[in-house]
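Here's the structure we're looking at; comments come further down.
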Amino acid sequence: MGSLRERCARAFDACDEGNKGYLNREDFEVAVVMLFGYELSEVEVDSIMSSVRPENSGILFEKFLNLMSAKKSAQLHSDETREIFTAFDMQDRGFLTFEDFKKTFNSILPKLSERIIIEAFR
């Protein structure tokens with residue numbers, strides 16, 4: 001699988017149509033799909049492309065690597081949050097009630113004051 005840098009380098013090289021040394025909008029969108037398996041929203045792509053310096057004509061490798069590192073970090077955080085939520089959502093309803101929250105905390109920290117649980121749930 002390789003490091004993120006190696007995977008980004010492979011995606012960058014594969015998507016840099018014509019070996020320009022940068023990714024234009026289309027190249028960038030394909031590279032993201034290669035790395036993450038999904039497309040970014042138009043708003044995200046517009047935002048990223050508007051940050052490109054005009055003299056670069058597109059996204060250079062180091063900027064691409066920084067963007068993909070941030071995306072990977074956000075994805076890991078999101079996955080961790082989803083795991084925690086799933087642990088609390090014992091009824092598999094897609095939302096948490098105070099009772100779900102309280103039951104989970106009581107099983108993990110039985111001596112925790114209910115006042116703290118109430119504050120955390122708010």
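Quick note: the sequence shown, position 26, residue 26 per UniProt numbering, numbers continuous. Backbone N, C-alpha and C define an ideal beta-carbon position, used for all residues, glycine too.
### Message
Looking only at its chain, what residues have a beta carbon closer than 7 Å to the beta carbon of Lys72, apart from the 5 residues adjacent to it on each side?
### Response
The residue you call residue 72 lines up with position 72 of the sequence shown. Taken in chain order, the residues that qualify are Leu4.
### Query
Quick one: Cα of Lys102 to Cα of Arg115, how far?
The residue labelled residue 102 in the question sits at position 102 within the sequence shown. The residue labelled residue 115 in the question sits at position 115 within the sequence shown. Taking the straight line from one Cα to the other gives about 11 Å.
### Query
Which of helix, strand or coil does DSSP assign to Leu35?
Reading the sequence shown from its first residue, position 35 is the one you call residue 35. In this structure, Leu35 counts as helix in the three-state DSSP scheme.
### Task
Can you give me the Cβ contacts of Leu112 inside the same chain, cut-off strictly under 8 Å, excluding the 5 residues immediately before and after it?
Within the sequence shown, the letter at position 112 stands for residue 112. So the list reads Phe105 and Asn106, once near-sequence residues are dropped.
### Message
Contact between the segment 49 to 62 and the segment 79 to 99 is defined here as three or more beta-carbon pairs at a separation below 8 Å; is this criterion met?
### Response
no
### Task
Please classify Leu76: does DSSP put it in a helix, a strand, or coil?
For this step, residue 76 is matched to residue 76 along the sequence shown. If DSSP states are grouped into helix, strand and coil, Leu76 belongs with the helices.
### Query
What residue from Tyr38, Glu29, Phe88 and Ala87 has the CA that sits closest to Met49's CA?
Numbered from 1 along the sequence shown, position 49 holds the residue referred to as residue 49. Of the listed residues, the one whose Cα sits closest to Met49 is Glu29.
### Task
Quick one: grab the DSSP three-state call for Leu4.
Here the question's residue 4 lines up with position 4 in the sequence shown. If DSSP states are grouped into helix, strand and coil, Leu4 belongs with the helices.
### Query
Which class does Leu96 belong to by DSSP, given the choice of helix, strand or coil?
Working through the sequence shown from its first residue, we reach residue 96 at position 96. Here Leu96 sits in coil by DSSP.
### Task
Report the three-state DSSP secondary structure of Leu65 (helix, strand or coil).
By 1-based counting over the sequence shown, the position of residue 65 is 65. Helix, per DSSP.
### Reference Phe36; option with closest CA among Ala74, Arg122 and Ile84
Residue 36 sits at position 36 when you count from the first residue of the sequence shown. The shortest C-alpha separation from Phe36 is found at Ala74.
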